[in-house]
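Q:
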Amino acid sequence: MKGIHTILFISLFFWASCNQDPIFTMISNEVEPKDPLINGSPSKIVKTSDGTTETIYVANGKLWKYSVGGGGWSQAGGPSNVYDIAAAGPDLYMLSISESGCSVYKRGTSGTYTQIPNNSGYSMIQGIYSNGDGLYAGGMDGGAYAILHIESGVLKVKYPIGSPLTGVAGNYYATARGVYTIDGNTLVNSTSGYTIAGIIDAETGKIIAVSSGGMIFEITSPTSVKTYETGNNFTGALAVYTP
506 MKGIHTILFI
516 SLFFWASCNQ
526 DPIFTMISNE
536 VEPKDPLING
546 SPSKIVKTSD
556 GTTETIYVAN
566 GKLWKYSVGG
576 GGWSQAGGPS
586 NVYDIAAAGP
596 DLYMLSISES
606 GCSVYKRGTS
616 GTYTQIPNNS
626 GYSMIQGIYS
636 NGDGLYAGGM
646 DGGAYAILHI
656 ESGVLKVKYP
666 IGSPLTGVAG
676 NYYATARGVY
686 TIDGNTLVNS
696 TSGYTIAGII
706 DAETGKIIAV
716 SSGGMIFEIT
726 SPTSVKTYET
736 GNNFTGALAV
746 YTP
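Numbering (my numbering), first residue to last: 506 to 748.
#1: Locate the beta strand (DSSP E) running through Tyr746, then write down its first and last residues.
#2: What residue from Glu734, Tyr562 and Asp646 has the CA that sits closest to Ser469's CA?
#3: Just mark Thr617 as buried or exposed, buried being the case when its beta carbon has 16 or more other beta carbons within 10 Å.
#4: Which residues in the same chain have their Cβ closer than 6 Å to the Cβ of Ala468, if we skip the five residues on either side of it in sequence?
#5: Give the DSSP-derived three-state secondary structure of Tyr699 in the structure shown.
#6: Which runs of the beta strand (DSSP E) at least 3 residues long sit entirely within the region 629 to 679? Give them in chain order.
#7: Where DSSP assigns a beta bridge to Ala591, which residues make up the other side?
#8: Smallest Cα separation from Ile550: which of Trp578, Lys539, Thr557 and Asp540?
#9: Which of helix, strand or coil does DSSP assign to Arg682?
#10: Closer than 8 Å by C-beta to Tyr562: which residues in its own chain qualify, once you throw out the five before and the five after it? Chain order, please.
#11: Any idea if Lys663 is buried or exposed, counting beta-carbon neighbours within 10 angstroms, 16 or more meaning buried?
#12: Can you give me the C-alpha to C-alpha distance between Phe722 and Asp688, rounded to a whole angstrom?
#13: Any idea what DSSP makes of Val693, helix, strand or coil?
#14: What residue range is occupied by the uninterrupted beta strand (DSSP E) comprising Tyr571?
#15: Just to confirm the assignment, what range does the beta strand (DSSP E) spanning Lys611 have?
#16: Run the CB neighbour count on Ser729, radius 10 Å, all protein chains shown included, and call it buried at 16 or more, exposed below.
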């Protein structure tokens, strides 16, 4: 009986060892993660273009740039405490947030940085966005919200809005209560009451917006909207992919 028990124990040992082999194989084949070049929680990534040169930017308190065509990532200088960015053609806009307040800066084609005066009356800026032509910002003052716009080099109120600004695309802006037109401030059909997490120009004559509750809105005009319910939760991260 002792011999049988010994054989049984050895058999179980080798069976357990064989069972574990795939796990150890996977561990041995894992690639050790590299330390990130850009730490923390990076902002959205944007691209500027002057017609000949394209540059990609991202921020994590500091501003970083990547020259398309080579060169890798490097710090781009500029203001400190940059946590949001937006691009409009060749111009880069940066939102700097510190204990002293919120400031918007512009980096033009000359490479110089200029602070944009804020004459909106909304001291808190929650985020900045661009539709490719101009800069828009989400302003907050107490419980009041507004979409801000740069006019004649100054940040001014475009429209008071009933909830925070969550994005801009084409002629539309998104809020936590629906999608509206920038020209005319008209509520887009079928979007009322939805918390819009993100919005993007699909570059096909359509605007795509998504709600945090899983609804997709395909907007062709303020009165022509197709909706798709997915049952998922969207964070607002959207991108256009061209194969």
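Just so it is clear, CB atoms sit at the ideal spot from N, CA and C, and this is done for glycine as well.
A: The answer reads as follows:
#1: Residue 746 sits at position 241 when you count from the first residue of the sequence shown. First-last for Tyr746: undefined, no H or E at that position.
#2: What is shown of the chain runs 506 to 748, which leaves residue 469 out entirely.
#3: For the purposes of this step, residue 617 is identified with residue 112 of the sequence shown, where counting begins at 1. Label assigned to Thr617: exposed.
#4: Nothing can be reported for residue 468: it is not among the residues displayed for the chain, which extend from 506 to 748.
#5: By one-based count along the sequence shown, residue 699 stands at place 194. Taken through DSSP and simplified to helix, strand or coil, Tyr699 comes out as coil.
#6: Segments of the beta strand (DSSP E) lying fully in the region 629 to 679: 629 to 635, 640 to 646, 649 to 656, 659 to 666 and 670 to 674.
#7: For the purposes of this step, residue 591 is taken as the residue at position 86 of the sequence shown. Residue pairing from DSSP places Ala591 in a beta bridge opposite Tyr598.
#8: For the purposes of this step, residue 550 is taken as the residue at position 45 of the sequence shown. Ranking the options by Cα distance to Ile550, first place goes to Trp578.
#9: Taking the sequence shown and counting its residues from 1, the one referred to as residue 682 is at position 177. The answer is coil: DSSP assigns Arg682 none of H, G, I, E or B.
#10: One-based indexing of the sequence shown puts residue 562 at position 57. Result list for Tyr562: Ile550, Val551, Lys552, Thr553, Leu568, Trp569, Lys570, Tyr571, Ala581, Ile590, Ala592 and Leu597, in chain order.
#11: The count along the sequence shown starts at 1 and reaches residue 663 at position 158. Buried is the call here.
#12: The residue labelled residue 722 in the question sits at position 217 within the sequence shown. The residue labelled residue 688 in the question sits at position 183 within the sequence shown. Their Cα atoms are separated by approximately 19 Å.
#13: Along the sequence shown, one-based indexing puts residue 693 at 188. DSSP places Val693 in coil when its eight states are reduced to three.
#14: The residue labelled residue 571 in the question sits at position 66 within the sequence shown. First-last of the beta strand (DSSP E) with Tyr571: Leu568 to Ser572.
#15: Your numbering for residue 611 matches position 106 in the sequence shown. Start and end: Gly606 to Arg612.
#16: Start at 1 with the first residue of the sequence shown, and residue 729 comes out as number 224. Here Ser729 is exposed. Its C-beta has fewer than 16 other C-beta atoms within 10 Å.
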